[in-house]
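One structure below.
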Ligand SMILES: [Zn+2]
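Residue numbers (our numbering): 21 to 548.
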């Protein structure tokens with residue numbers, strides 16, 4: 021790794037297919053990318069976060085026809101919906117790529133030229149079972165009772181002449197690469213899935229579609245009767261967006277590239293993409309991070325199956341940070357998870373309103389009441405203070421490792437253990453008693469508590485930036501948000517207070533549950 025890439029971090033989401041509007045699956049993937057990008061920024065890395073839209077292929081043409089628009093007008097409209105959704109979820113991507121961008125199309129042609137010139141693309145006839153929904157051929161063993169495993173519909177038998185990429189040439193290289201880089205694909209279950217797939221001979225990849233069947237795509241410059249297969253087109257976004265081959269951004273970020281995907285697109289990302297890169301003479305990405313599905317009641321959540329949850333509706337109803345917290349806390353990255361509004365409300369009430377909200381609210385209230393909001397230098401630390409400080413410093417270290425491993429739920433669990441410990445510390449220290457008996461000790465205890473709350477706010481910033489900054493504002497600190505780096509947490513008690521500590525409204529108003537259904541309370545519940 022060269023000096024330039026030491027302090028860089030590059031994360032991508034898949035580019036989303038524009039045959040439907042953003043749903044909770046898209047929101048989850050993109051929020052995860054935002055959380056990990058914020059974490060690396062907080063760690064002092066120069067971070068690049070890419071998302072975008074995938075706009076070619078049959079499904080897009082069909083969707084445009086259905087909505088009575090030209091294909092161009094349709095892709096512009098849906099792409100805009102995605103682009104405008106992310107800022108509303110406080111997602112800060114650095115770039116938004118579209119596969120209809122000229123720059124992207126040029127890069128696809130360039131990569132195709134290189135691979136073609138190398139002799140890794142050939143012309144041949146193929147007959148196979150083709151799922152229009154997936155836009156790919158299926159082998160019999162991949163089908164479930166003859167149906168596409170994702171769309172549950174019978175694929176069509178198609179026979180046609182096409183161009184093929186000699187993916188089989190790269191099978192041995194890929195097996196070896198995965199063997200030498202055990203966390204190339206993670207979590208391990210997906211690595212194992214790819215390894216199992218590579219036990220059988222790899223078939224060459226059909227990379228073209230005849231224009232007579234599909235005209236909405238990037239033309240093959242070596243045969244005008246064909247356009248590029250959507251996957252070969254789409255995957256290249258990860259390098260076209262930052263200026264392959266000579267762009268500074270490409271040179272800086274590609275060596276540390278990490279992708280996030282849902283498990284349904286493991287094969288294109290775990291197999292096609294590394295082989296394509298290798299064939300084009302480009303180093304493979306560093307990590308492929310694969311997550312599971314959010315299940316409603318049955319099957320995968322997507323528009324074609326009819327159970328869609330509008331992310332913005334939930335964020336508006338319960339607050340953006342509660343929504344972000346729920347998604348990251350409830351799903352074990354890599355596994356499937358059940359989504360319900362009820363479990364979101366349960367988390368909101370127990371973890372956010374009760375544990376976190378209570379800690380912040382009562383600590384601020386006591387500091388205002390007993391010290392007029394102004395802390396003073398702590399006296400000699402007692403065992404309980406040191407115990408809490410050491411626990412907090414250990415959480416910071418544990419958190420870093422868990423975040424780097426995409427174990428977001430574990431990172432949140434250790435933060436909540438610290439919150440629980442801080443709440444218990446208050447119960448045992450009883451500042452309301454100390455206020456009458458020992459002012460110096462009171463100052464030390466409140467100093468220790470506010471220091472822990474500051475730490476919690478920094479650790480929470482990637483997940484809940486608004487809440488973290490609200491807490492930091494109440495603490496009257498000289499820095500907030502990204503200015504309070506993870507490094508700054510090593511200096512216990514060194515952050516300057518530039519304003520008195522103040523009380524704010526409850527961070528998370530409790531949601532009242534009536535007859536099993538959540539109803540939002542309009543008044544903020546003041547905690548003791
Ligand atoms: Zn399908």
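C-beta: ideal position from N, C-alpha, C; glycine also. Quantities reported herein were computed from a predicted structural model and do not represent experimental measurements.
By the neighbour-count criterion, in which a residue is buried when 16 or more other Cβ atoms sit within 10 angstroms of its Cβ, residue 143 is exposed.
Beyond the five residues adjoining it in sequence on each side, residue 300 comes within less than 7 Å, by CB distance, of 131, 134 and 135 in the same chain, given in chain order. By the rule of a C-beta closer than 5 Å to any heavy atom of ligand 1, the residues picked out are 151, 153, 154, 168, 170 and 171. Burial is judged here by how many other beta carbons sit within 10 angstroms of a residue's own beta carbon; residue 126 has fewer than 16 and is exposed. Counting the other CB atoms within 10 Å of its CB gives residue 494 a total of 16 or more, which places it among the buried residues. DSSP lists 310 as the beta-bridge partner residues of residue 281. Secondary structure within the stretch 72-102: the alpha helix (DSSP H) runs of 4 or more consecutive residues, fully enclosed, are 78-86 (chain order).
Among the bridge pairs identified by DSSP, residue 182 is matched with 144. As a beta-bridge residue in DSSP terms, residue 177 pairs with 149. Residue 191 sits in a helix when the DSSP states are folded into three classes. In the same chain as residue 59, and ignoring 5 residues on each side of it, the C-beta atoms closer than 6 Å to its own belong to 423 and 482, in chain order. DSSP, reduced to helix, strand and coil, places residue 249 outside both helices and strands of the structure shown, so it counts as coil. DSSP, reduced to helix, strand and coil, places residue 229 within a strand of the structure shown. The C-beta separation of residue 531 from residue 365 comes to about 5 Å, placing the pair in contact by the 8 Å criterion. Beta-bridge pairing by DSSP links residue 67 to 29. Counting of Cβ neighbours within 10 angstroms places residue 378 among the buried residues, the total reaching 16 or more. When C-alpha distances from residue 192 are compared across 217, 467 and 452, the shortest belongs to 217. Contact annotation: residue 353 and residue 81 have beta-carbon atoms that are not nearer than 9 Å. Counting along the chain, residue 157 sits inside no alpha helix (DSSP H); it lies in the beta strand (DSSP E) bounded by residues 156-158. By the neighbour-count criterion, in which a residue is buried when 16 or more other Cβ atoms sit within 10 angstroms of its Cβ, residue 448 is exposed.
The continuous alpha helix (DSSP H) containing residue 273 extends over residues 268-273.
For residue 396, the number of other beta carbons within 10 angstroms of its own is below 16, and it is reported as exposed. DSSP places residue 374 within a helical segment (H, G or I) once states are collapsed to three.
Annotation: the continuous beta strand (DSSP E) that includes residue 115 extends over 115-118. Taking the Cβ atoms as the reference, residue 234 lies roughly 5 Å from residue 78, within the contact range of under 8 Å. The C-alpha of residue 40 lies about 7 Å from the C-alpha of residue 98. The C-alpha of residue 245 is placed about 20 Å away from the C-alpha of residue 157. Listed in chain order, the non-local C-beta contacts of residue 239 below 6 Å within the same chain comprise 247, local neighbours out to five positions each way being set aside. Per the DSSP secondary-structure output, residue 239 pairs in a beta bridge with 247.
Look at residue 517 here: in three-state DSSP terms it is strand. Linking residue 184 to residue 139 through their CA atoms gives a straight-line distance of about 11 Å.
Residue 189 is a Cβ neighbour of residue 295, given a cutoff of 9 Å. Looking only at 112, 167 and 228, the smallest Cα-Cα distance to residue 182 is reached by 228. Taking 9 Å as the cut-off, the Cβ atoms of residue 225 and residue 251 count as close.
The three-state secondary structure of residue 205, taken from DSSP, is strand.
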